Each structure stands twice: as C-alpha cells, then as structure tokens.
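Engineer: In the working numbering, the protein residues as written are 716 to 811.
Ideal Cβ positions, reconstructed from N, Cα and C, are used throughout, including at glycine.
For clarity, every value in this text was computed on a predicted model and none was experimentally measured.
1) Quick one: what's got a C-beta closer than 8 Å to residue 802's C-beta in the same chain, skipping five residues either side?
2) Whose C-beta lies closer than 8 Å to the C-beta of residue 733 among residues of the same chain, with five residues either side of it excluded?
3) Can you name the start and end residues of the beta strand (DSSP E) that residue 804 belongs to?
4) Out of 783, 790, 798, which has the shortest C-alpha to C-alpha gap to residue 759?
5) Is residue 723 closer than 7 Å to residue 746 when the C-beta atoms are compared?
In structure tokens form, the structure reads like this:
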C-alpha cells in the first residue's frame, strides 16, 4: 500500500455527486507547468482525456457519426481551446 504522505487526493464535484482520485504526489509535480496547483494539473488531464475520447469517436470510429456527436466534439474543442489557448491539433500534432 502506498504511503498516504506520498499521494494527493482531489475531489471532483458536480450537481449529481462527487468522486475522489488519489495520485502519486510526485507524478502530479512532474506533470505540472510552472506554479500550477494539483487541481489545475488534474483539470488539464481531464480536459485532455475528454477531448481525446470525443476526437477518436468522431474521427477514428467506424461508420457514420451522429450529427449530435459532431456538435459535441465541436463544443469540446472550443472549450479545450479556451482552456489551453491553442487548438487540440496544435497541442497534440493531431489535426483533421
């Protein structure tokens, strides 16, 4: 079992409930840029993960994509760019 002093626990909350995620503190430190807080690091990771998943669904799936899913990807990418100040394609080198 990991030593709790070597970890950081963050809580994600929404109107529908909450969840906790515990990560190695050293990993969070490794991933941070500048003076980012652990919450900002994990927030960035959540946004990156969601953007990657919706991108894959729209651009790398099989068959026709539902227009509602395409709109969802467009909104996600707009929010991504607002958060990071650059497009998903610019930050990942993966653009369509």
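Structural biologist: A quick look at the data gives this:
1) Counting only Cβ-Cβ distances below 8 Å, and skipping sequence neighbours, we find 792, 795, 796, 810.
2) So the qualifying residues of the chain are 726, 727.
3) Note, residue 804: premise wrong, no beta strand (DSSP E); alpha helix (DSSP H) at 803 to 807.
4) Considering only alpha carbons, the answer is 798.
5) Going by C-beta atoms, residue 746 is not nearer than 7 Å to residue 723.
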